Amino acid sequence: MGGAYIEGSDHSSFLSCLLRKGLNGSEKVEKIGEGTYGMVYKARDCVSNETIALKKIRLEQEDEGVPSTAIREISLLKEMQHETLLQDVVHSEKRLYLVFEYLNLDLKKHMDSCPEFSKDPCIVKKFLFQILRGIAYCHSHRVLHRDLKPQNLLIDRRTNALKLADFGLARAFGIPVRTFTHEDLVTPNEETWPGVSSLPDFKSAFPKWPPKDIATVVSNLESAGVDLLSMIMLLERARA
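Each step along the sequence shown adds one to the number in UniProt numbering, with nothing skipped, and position 92 is 92.
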């Protein structure tokens, strides 16, 4: 599960119970996932009776302490208090839990189960607005998510609220730098890749395609949508 922050939430009593007793101190409903550095459980806050998601970070097998990926995710999420992010963190010497709002639907599942929703411009606009709003908030705090995909966009079935999830690959960025690779990327030849010239569709020169008007590619998109898409895909030459 990724980070979903609920303003005004207070799980202090429940979290104290977790520290004393671990997951046995809560009503663990089921395991819902497993990541690189921990398990994710569906649980019930015994104090508020609220259903939550608990990400338990494995510490017992870590000789060097908390995994760096977990530290990075926690530190970034704790810096950002927004309706699209992390709820709470609790730790002891041997246990570390991340507490999240429980949402069991992501955008990928929603698109697969309800393909007709893409035909409703109002819903599409609402989801897109929330995605861009969440991204803008992250960028305003100099955080790049770096793993945005439908599976990492969680949806609240009750309100159609969309949440950005899984900040495990996120990075904070400082002074802007050129993001090009230090390696030279060139078209392969027979010397660097024997037999490459005999492969289907091999061309010694990089092909050039005439530009297409975005409006012709997404012909069913209204003018405001075409304008937005054009601006999103525009190369910012000052930073290129």
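Ideal Cβ positions, reconstructed from N, Cα and C, are used throughout, including at glycine.
Note that the structure is predicted; figures quoted are calculated from it, not measured.
- Shown here, Gly33 sits in a strand according to DSSP, grouped into three states.
- The segment 126 to 138 makes contact with the segment 151 to 167: 3 or more CB pairs, one atom from each, lie closer than 8 Å.
- In the displayed model, Thr51 falls within a strand according to three-state DSSP.
- For the set Thr216, Glu79, Ile155, Lys108, the Cα lying nearest the Cα of Arg142 is the one of Glu79.
- Straight across, the Cα-Cα distance linking Arg171 with Arg72 is about 8 Å.
- Between Asn160 and Ile123, the beta carbon gap of about 7 Å places them in contact (Cβ cut-off 8 Å).
- Secondary structure in the segment 106 to 179: the alpha helix (DSSP H) runs of 4 residues or longer, each lying completely within the stretch, are 107 to 113, 121 to 140 in chain order.
- With 16 or more other Cβ atoms inside 10 Å of its own Cβ, Phe100 counts as buried.
- Assigned with DSSP and collapsed to three states, Leu228 falls in helix.
- Counting of Cβ neighbours within 10 angstroms places Pro188 among the exposed residues, the total staying below 16.
- Less than 7 Å divides the Cβ of Gly38 from the Cβ of Ile57.
- In this structure, the beta-carbon distance from Lys42 to Leu98 does not fall below 7 Å.
- Counting along the chain, Arg44 sits inside the beta strand (DSSP E) bounded by residues 38 to 44.
- In the three-state scheme derived from DSSP, where H, G and I count as helix and E and B as strand, Glu222 is classed as coil.
- Between the alpha carbons of Asn49 and Glu30 lies a distance of about 16 Å.
- In chain order, His145, Arg146, Asp147 place their CB closer than 8 Å to the CB of Leu169, counting only its own chain and leaving out the 5 sequence neighbours on each side.
- Distance from the Cα of Tyr137 is smallest, within the candidate group Trp209, Gln81, Pro150, Arg95, for Gln81.
- In the displayed model, Val99 falls within a strand according to three-state DSSP.
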